[in-house]
Amino acid sequence: MEGIFGENIEAFLSAGKRLNGEVRKLGDAAIRLPVFPRVPVILILWEKDDEFPAEITVNFDSTISSHLPLDIIWAMVNVVSKWMTLSV
Numbered sequence: 001m002e003g004i005f006g007e008n009i010e011a012f013l014s015a016g017k018r019l020n021g022e023v024r025k026l027g028d029a030a031i032r033l034p035v036f037p038r039v040p041v042i043l044i045l046w047e048k049d050d051e052f053p054a055e056i057t058v059n060f061d062s063t064i065s066s067h068l069p070l071d072i073i074w075a076m077v078n079v080v081s082k083w084m085t086l087s088v
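Mind the numbering: the sequence shown is residues 1 to 88 in the UniProt record's numbering, read in order.
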């Protein structure tokens with residue numbers, strides 16, 4: 001996702017909004033996506049600059065492991081990444 005959104009915050013926010021995401025004030029831009037009930041995912045974008053490459057972090061509530069097993073969390077992150085890139 002960094003290659004697509006790393007220099008385009010507006011595209012990142014627009015893709016997230018198309019997925020019913022809510023804008024958050026974290027990093028350079030952030031989106032909270034309601035993936036499952038009680039299991040939102042927050043994507044935080046740090047835009048590329050002269051010193052650092054772009055970075056997107058995927059964040060969950062600390063209780064996620066009590067709701068979902070690790071393999072489902074891994075799959076969920078992959079699906080969210082795919083949705084974001086296809087929503088551009």
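Ideal placement from N, C-alpha and C gives every residue a C-beta, glycine not left out.
Closest residue to residue i among the options (Cα-Cα distance)
i     : options                       : result
VAL80 : GLU51, PRO40, GLY6 and ILE64  : PRO40
PHE60 : ASP49, ALA54, PHE52 and MET76 : MET76
ILE9  : ASP50, PRO37, GLU55 and VAL35 : GLU55
GLY3  : TRP46, ILE31 and VAL35        : TRP46
PRO37 : LEU68, MET84 and TRP83        : LEU68
Buried or exposed (CB count within 10 angstroms, at least 16 for buried), residue i
i     : result
ILE72 : exposed
PHE5  : buried
PHE12 : buried
LEU33 : buried
LEU43 : buried
Close Cβ partners of residue i (< 7 Å) along its chain, the five nearest in sequence each way excluded
i     : result
SER87 : ALA15, ARG18 and LEU19
GLY21 : ILE31, ARG32 and LEU33
TRP83 : LEU19
Contacts around residue i, its chain only, beta-carbon distance under 8 Å, and the 5 residues preceding and following it disregarded
i     : result
ILE64 : VAL39 and ILE73
Original post:
What are the complete alpha helix (DSSP H) segments, minimum 4 residues, inside the UniProt domain "DUF3786" (4-82)?
Top reply: 9-18 and 64-67
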